[in-house]
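Presented below is the structure to which this report refers.
In the numbering used here, the protein residues as written are 2 to 296.
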């Protein structure tokens, strides 16, 4: 069985590491804040003090980090992953990041004889904990097949999208839709509330229509309960919105609705809600309308 290194124990990484250990994979963990590693060390994981040390111990290196800057530091920086790798390993980046950075990583790993996949995930805290993530992969298909059993221990499904960078591109396209659905739900619920409709009655309709969505169902109920517990932080949605904007600009693709949504997300973060769930963007819409959606 492959030895695994897992770097990055945020909300997503913690769930993934728990499932790797549950599946019996020998796992070494690293996190910028080492105390997050300790519960997994108690379950049998090994603790690495640097990304380099983690990479040295592994056959397959997985990492799920906050953003491009974190990847730059953890992979390319001093005592980073690239300083610890050896020929024959596989590195799998599960971060939501720019496709351009994926291509840089692929080239850097290739120079060391290491295979690379960009394999970001759809899903949040619950899916990570329940091994129910949906993984989109860019890289060589043969490399994916070599690590497929590991990814299956984390996921509900795995989707091969093409060469390096294509997994990252798919993740940005998907997150564009997630942000759009959250914003649409917020606009509709705010409008309905100001029109005098009862929010729970509105949700009853949304549950059965041909435009129903799991996002409407889950976020709608939490919204009227005023529950903004963090499953995917609003500040990370802003990071993704910025990535989407820059990616679309590079490809000269118009995304006018997403541009407007990004402004709402910025406003919500500037109001201090960045650490809350991404659905907190709806608070910015409520503020503009002068109403609050609640039971």
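Cβ atoms here follow ideal geometry from the backbone N, Cα and C, with glycine treated the same way.
By alpha-carbon positions, which one of the options ends up nearest to residue i?
i: residue 283; options: 196, 186 and 216; result: 186
i: residue 16; options: 86, 110, 165 and 232; result: 232
i: residue 51; options: 31, 267, 58 and 45; result: 31
i: residue 278; options: 258, 264 and 219; result: 219
i: residue 259; options: 289, 182, 222 and 294; result: 182
i: residue 151; options: 104, 222, 23 and 112; result: 23
i: residue 108; options: 77, 180, 131 and 132; result: 77
i: residue 189; options: 180, 179 and 200; result: 200
i: residue 8; options: 162, 112 and 61; result: 61
i: residue 223; options: 210, 36, 286 and 204; result: 204
Excluding the five sequence neighbours on either side, which residues of its own chain have a C-beta within less than 8 Å of the C-beta of residue i, listed in chain order?
i: residue 292; result: 191, 194 and 195
i: residue 110; result: 83, 86, 92, 116 and 117
i: residue 72; result: 64, 66, 94, 96, 98, 102 and 106
i: residue 256; result: 177, 245, 246 and 249
i: residue 160; result: 135, 136, 137, 138 and 171
Which same chain residues, not among the five before or five after residue i, have their C-beta less than 6 Å away from its C-beta?
i: residue 275; result: 235 and 236
i: residue 134; result: 122, 124, 128, 155 and 156
i: residue 27; result: 4
Assign residue i to buried or exposed, taking buried as 16 or more other Cβ atoms, counted over all protein chains shown, within 10 Å of its Cβ.
i: residue 206; result: exposed
i: residue 2; result: exposed
i: residue 142; result: exposed
i: residue 125; result: buried
i: residue 176; result: buried
i: residue 263; result: buried
i: residue 304; result: Because the chain spans 2 through 296 in this model, residue 304 falls outside it and cannot be assessed.
i: residue 165; result: buried
i: residue 139; result: buried
Can you name, in chain order, every residue of its own chain whose Cβ lies under 7 Å from the Cβ of residue i, other than the five neighbours on each side?
i: residue 230; result: 278
i: residue 75; result: 8, 52, 64, 66, 81 and 82
Whole runs of the beta strand (DSSP E) within the stretch 26-104, excluding any shorter than 3 residues: 28-31, 61-64 and 91-94
Residue ranges of each alpha helix (DSSP H) within the stretch 113-158, 4 or longer: 126-130 and 142-153
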